[in-house]
Amino acid sequence: MNHQPFNSWLYEDTRLSAVQAEELKQHMQICPDCMKQYEAWLSVKHMLRTAEVVQPRPAFANRWQASLEARRTRQQRRQVRITILGLAGAVLLILLGLIIYFSITSSFADLFASVIGTSTQVAVGLVQIGEFFQSLLRFLPPALTTAIWLIGASWIFLLCFAWVFSVWRISHKGVPSHEELH
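Structure, rendered in structure tokens:
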């Protein structure tokens, strides 16, 4: 016998429409399984309504709050460890894949020559950037050069101050929790 949707209707807290209630009533008259489930559900609902409310032990809320903070701290540390280990594992996996790929596709001498060539290109590029800024500063008027240095130094000072203030704030007040942000 098909017990759907009657089986679901037995456990719903919403009121059934008149048609649904009539269909459920007719089904329960011919289905002893659904009738037993309905009676058992009524018994459970009655037990839940009439059950005695048990009071928690004294200072339960304080102990629970204290353990909640410790659990949150452990959870945050665990998440940080998992994230760091996941990232480190991904980096190692990528490096291992690259090593295997390059060892299959080229010789050690080719790899060594490529590393030396790339390192040389990076060094030459950095030297060229430095020379560009030196030539730019030589052709600018001294007042403009001084202004650029002052603006750059001011930005560096401002960023350092913001960093020191952030570290001070976190060390004295702590990081706001998720609940405090919302």
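Remember, the numbering used here sits 37 above the position in the sequence shown when you count from 1. Note that the Cβ used here is the ideal one computed from N, Cα and C, for glycine as well. Quick caveat, the model's predicted, so the values are computed rather than measured.
- The three-state secondary structure of R94, taken from DSSP, is coil.
- Taking C-beta separations shorter than 6 Å and ignoring five residues to either side along the sequence, the partners of L174 in its chain run T182, following chain order.
- Taking the CA atoms as reference points, S151 sits about 52 Å from A107.
- Assigned with DSSP and collapsed to three states, Q41 falls in coil, not helix or strand.
- Residue state for S104 is assigned as helix, using DSSP reduced to three classes.
- For L173, the enclosing alpha helix (DSSP H) starts and ends at F145 to F176.
- DSSP, reduced to helix, strand and coil, places E49 outside both helices and strands of the structure shown, so it counts as coil.
- Taking 9 Å as the cut-off, the Cβ atoms of F43 and C68 count as close.
- The segment 68 to 77 makes no contact with the segment 88 to 104; the number of CB pairs closer than 8 Å stays below 3.
- If you check the CB distance, L177 and I185 come in under 9 Å.
- Rounded to whole angstroms, the gap between the alpha carbons of A125 and S45 is 49 Å.
- Sequence-distant partners of Q57 (beyond 5 residues in either direction) whose C-beta falls short of 7 Å from its own C-beta, in its chain, are W46.
- By the C-beta density criterion, H64 is buried, having at least 16 other C-beta atoms within 10 angstroms.
- Within the model, the alpha-carbon separation for K62 versus H83 is close to 21 Å.
- In this structure, the CA atom of V128 is about 14 Å from the CA atom of I119.
- For Q171, there are no CB contacts under 6 Å within the same chain when 5 residues up- and downstream are skipped.
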